[in-house]
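Numbering (UniProt numbering), first residue to last: 1 to 330.
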């Protein structure tokens, strides 16, 4: 079986501060059969200058004539792909050693594999110092997951932290039958979620990505004008609308989306008060049993009462302490 060609797409807007590190992490990969597409959403900083400094012919730079928005920029990047595999990468994240090779090997397990996903960790200043890590399978091996597996396996593929982060998500281009959505929070997840209905997905055992905290749009208040929870509900309702997926759709909404209590902290720290109230309401609307949940009341009342000037330093302190513990455990 011949090597599959990867099209790595970096959607970017004003990413000059970090995109160089991201590109370096990609060009240093052991797997080399790829094109790197930087899809610039009309940046007005030095993004173009930084990208053009790379003479590697695999690096291709495209700039939109205007800011088309996040979702349309993804679509433009996809149009420029010539490879067999579309691999997404944010302009402020780091691709870890052998990540592409591990992803390529997963696709070569079976020609029916439709997508590959991965665990990852977050960091602040030191990429070697994780402050938090995502859920993962406990088996210590790559897992091939199908939509008709038990829900505990399916839910890890569709988990809000796993599917919600675009970096490291990879899909087989010939199986893509759904375009990126206009929903801002989870636009990038639509193709993979749709592929999963018909094709198995590989969940890698090793971290592929180091996600930088503090440089992305989730710290801008306007980002929360559209409810993150409602965007996720829309994804499951639009993708899994058929009667055969009714149970999966309902479970995803109740057991993945409507239990993300900690998301209230992010909205309190960086969003508007009205956005926080709306999210608290949605937690009840989509899972009414939350009224009996201590976690729901702890996070709801806590974010309503504790000012962000106090809450944000508490969160940063916790991340720093947790990062020390994680580094020791690696």
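In this text, a Cβ means the ideal position worked out from N, Cα and C, and glycines have one as well.
Let me check one thing: in DSSP terms, what residues is residue i bridge-paired to?
{"i": "residue 132", "result": "122"}
{"i": "residue 10", "result": "38"}
{"i": "residue 349", "result": "Because the chain in this structure spans residues 1 to 330, residue 349 falls outside the shown range and cannot be described."}
{"i": "residue 306", "result": "According to DSSP, residue 306 bridges with nothing at all."}
{"i": "residue 209", "result": "95, 120"}
Expressed to the nearest angstrom, what Euclidean distance is found between the alpha-carbon atoms of residue i and residue j?
{"i": "residue 8", "j": "residue 90", "result": "10 angstroms"}
{"i": "residue 271", "j": "residue 223", "result": "7 angstroms"}
{"i": "residue 113", "j": "residue 3", "result": "15 angstroms"}
{"i": "residue 36", "j": "residue 158", "result": "26 angstroms"}
{"i": "residue 74", "j": "residue 227", "result": "21 angstroms"}
{"i": "residue 79", "j": "residue 246", "result": "32 angstroms"}
{"i": "residue 5", "j": "residue 33", "result": "5 angstroms"}
{"i": "residue 147", "j": "residue 121", "result": "25 angstroms"}
{"i": "residue 41", "j": "residue 180", "result": "16 angstroms"}
{"i": "residue 18", "j": "residue 244", "result": "44 angstroms"}
{"i": "residue 305", "j": "residue 252", "result": "30 angstroms"}
{"i": "residue 52", "j": "residue 231", "result": "36 angstroms"}
{"i": "residue 200", "j": "residue 240", "result": "16 angstroms"}
{"i": "residue 94", "j": "residue 132", "result": "15 angstroms"}
{"i": "residue 161", "j": "residue 294", "result": "22 angstroms"}
Tell me the residue span of the beta strand (DSSP E) that contains residue i.
{"i": "residue 117", "result": "115 to 117"}
{"i": "residue 143", "result": "143 to 145"}
Residue i lies in the alpha helix (DSSP H); which residues open and close that run?
{"i": "residue 246", "result": "246 to 255"}
{"i": "residue 265", "result": "263 to 270"}
{"i": "residue 203", "result": "Segment 201 to 203 is the beta strand (DSSP E) holding residue 203; no alpha helix (DSSP H) there."}
{"i": "residue 273", "result": "273 to 285"}
{"i": "residue 231", "result": "228 to 239"}
{"i": "residue 77", "result": "70 to 79"}
{"i": "residue 193", "result": "190 to 195"}
{"i": "residue 187", "result": "That residue, residue 187, is in no alpha helix (DSSP H); it is neither H nor E in DSSP."}
{"i": "residue 152", "result": "151 to 157"}
Counting only C-beta atoms, is residue i closer than 9 angstroms to chain B at any point?
{"i": "residue 136", "result": "No chain B is present in this structure, which holds just one protein chain."}
Contained alpha helix (DSSP H) runs [length at least 4] in the region 24 to 68, N- to C-terminal order:
47 to 52
On the three-pair Cβ rule with 8 angstroms, is the region 14 to 27 touching the region 45 to 63?
Result yes; three or more Cβ-Cβ pairs closer than 8 angstroms.
Please confirm if the region 124 to 135 is in contact with the region 35 to 54, defined as three or more CB-CB distances below 8 angstroms between the two stretches.
With a cut-off of 8 angstroms, the region 35 to 54 and the region 124 to 135 do not count as touching, because too few Cβ pairs lie within range.
Below 8 angstroms, can you find three or more Cβ-Cβ pairs linking the region 262 to 282 to the region 291 to 301?
Judged by Cβ distances under 8 angstroms, the region 262 to 282 makes contact with the region 291 to 301, as three or more pairs qualify.
Decide if the region 234 to 243 is in contact with the region 186 to 202; the criterion is three or more beta carbon pairs, one per stretch, under 8 angstroms apart.
yes
Check whether the region 134 to 142 and the region 167 to 176 are in contact - that is, three or more C-beta pairs closer than 8 angstroms.
Touching, no.
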